[in-house]
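Its first residue numbered 1, the sequence shown is counted upward by one per residue in full-length UniProt numbering.
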Amino acid sequence: SESTSHLSSMKPSKIAVAFDYLGREFNCQLFQVTSPSKTVYCIPTAANRRHAEERKYIRSFLTGLVQERKKERLLQQQRRQKQERNENPTSTGFGSKRDLLSHLLDAYEQIEKEKDGKVETTEQEGEDDDASNESMVDSPLGLLFAGYDTTSITVAYALHHVAKYPKIEAALLQEVHHHGVEDYSKLKYCKAVLMETLRLYPPGPSISRTLTKDVRLLGGLVAPKGTLVYIPVWFIHRNKDHFPQPYDFLPERWAKQQKSSGVWVERNEDDDDEDDNDMVIAPGSRRSFFTFSAGGRTCAGYKFAMQEATTILALLVQHIKFTLTCPDYELEPQRVGIVQSPKGGIPMTLTLR
């Protein structure tokens, strides 16, 4: 069809190509740490030259975004100063954009205000401005690199289950049509689909930690301080003691639908086993969910990652129908560097709704 042909002709953007290349290079380096050509970037190999080009392009792209947003905020500030006698009670800061970049700029502007009382030379001020601009780019760059592979892998696994189970697809469409995609916090079922995806297919199948003190284990064994310990996230998430029916894809572990309103709400750990649709399954155990680690070392981008993935999944399902090319296709996860992903990708047909 025309819509399918249109989708098949789509190509990744230059920024996506750059992230993809650097991600592959990083995973390759993990297994070739003794190869100078892979770890010493000053060696003028073709791979190193492209590595430098892609890094430069990404940083230039993000620098442009930051500078553009700073100009927008300055214009908004100037308009507000002119209209300060006619305050708009619904105003929320410098303009209407309240995304991640806006919050980062808020934080940096607050830091700059705290520096106002300090006396600095013109040369030092210039150096500080350059450092501040670099830092403003480093923060989103770190988040984007950390979430690029993991988010795309998670959404791919989620879409596989959406295509495989019409009931899940119907529930997602109903929620998206009811709430829209602007406020991700209302998309409880969409988030539940992602939580269940992350339970069964965590991008990072294991986490390593170094013990800061001796730990006594079962059987009288003691793991001494300084021991490197691997936490098998993949197997914990598939343990029936933590998650009954561990191999079944059940978003209802994380959300339930209210009969009265038809709206999905988040389930708590102390929730009863039966939801309003007579789905008998224990609520998902947050204490046994380690996709983002836990404790003081919990992933700093956890909330951003969930917001990003929820919004992307909702938008994709809203506008595109995903169909498995082969109904008998079985997922085959494989480890690639520090993450795992479906081997060979997931063959699906995409059709515009």
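We treat Cβ as the ideally placed atom computed from N, Cα and C, and that holds for glycine.
If you're wondering where the values come from, they're calculated on a predicted model, not measured in any experiment.
query                                                                                                             : result
Where Tyr230 sits in the DSSP three-state scheme                                                                  : strand
Backbone secondary structure at Thr150 - three-state DSSP                                                         : helix
Alpha helix (DSSP H) runs wholly inside the stretch 8 to 45, at least 4 long, in chain order                      : 14 to 30 and 36 to 39
Spatial neighbours of Glu269 in its chain, beta-carbon cut-off 7 Å, leaving aside the 5 residues before and after : Pro283, Ser285 and Arg286
Length of the line joining the Cα atoms of Cys299 and Pro205                                                      : 14 Å
Residue 354, DSSP secondary structure in three states                                                             : Given a span of 1 to 353 for the chain in the structure shown, any question on residue 354 remains unanswerable.
Sheet register partners of Phe145 (DSSP bridge)                                                                   : Note: Phe145 sits in no beta bridge, so no partner.
C-alpha gap between Leu62 and Gln318, whole angstroms                                                             : 28 Å
Cross-strand partners of Met348 (DSSP beta bridge)                                                                : Leu324
Residues bridged to Pro342 (per DSSP)                                                                             : Pro333
Check whether Cys143 and Ile58 have beta carbons under 8 Å apart                                                  : Before going further, note that residue 143 is Leu rather than Cys in the sequence given. It is not a contact, given that the beta carbons lie outside the stated cut-off.
Residues bridged to Arg209 [DSSP beta-bridge criterion]                                                           : Val229
8 Å CB neighbourhood of Ile43 in its chain, flanking five on each side removed                                    : Pro36 and Ser37
His160 beta carbon less than 8 Å from that of Leu331                                                              : yes
Cβ shell of Thr39 (< 8 Å), same chain only, five flanking positions each side left out                            : Gln29, Gln32 and Val33
Distance between Gly296 and Leu221 (C-alpha atoms, nearest Å)                                                     : 25 Å
Proximity winner among Tyr329, Phe290, Arg80 and Met136, relative to Ala107 (alpha-carbon distances)              : Met136
Alpha-carbon to alpha-carbon, Tyr302 and Ser341                                                                   : 19 Å
Contacting residues, own chain, Cβ-Cβ under 7 Å from Val119 (five flanking each side not counted)                 : Because Val119 carries a pLDDT of 49, less than 50, the predicted location of this residue cannot be relied on, and no value is offered for it.
Backbone secondary structure at Arg59 - three-state DSSP                                                          : helix
C-beta atoms of Arg80 and Leu101 nearer than 8 Å                                                                  : no
Whole-angstrom distance between Pro166 and Arg209, CA atom to CA atom                                             : 40 Å
Run of the alpha helix (DSSP H) containing Lys259, from where it starts to where it stops                         : Run containing Lys259: none; DSSP gives neither H nor E here.
Helix, strand or coil at Ala282 [DSSP, three-state]                                                               : coil
Top-ranked residue by Cα proximity to His242, from Glu72, Lys186, Phe290 and His178                               : Phe290
Three-state secondary structure assigned by DSSP to Ala294                                                        : coil
Other residues of its chain near Ala171: CB distance less than 6 Å, five sequence neighbours each side excluded   : Tyr189
Beta-carbon proximity check, Tyr201 vs Tyr157, cutoff 8 Å                                                         : yes
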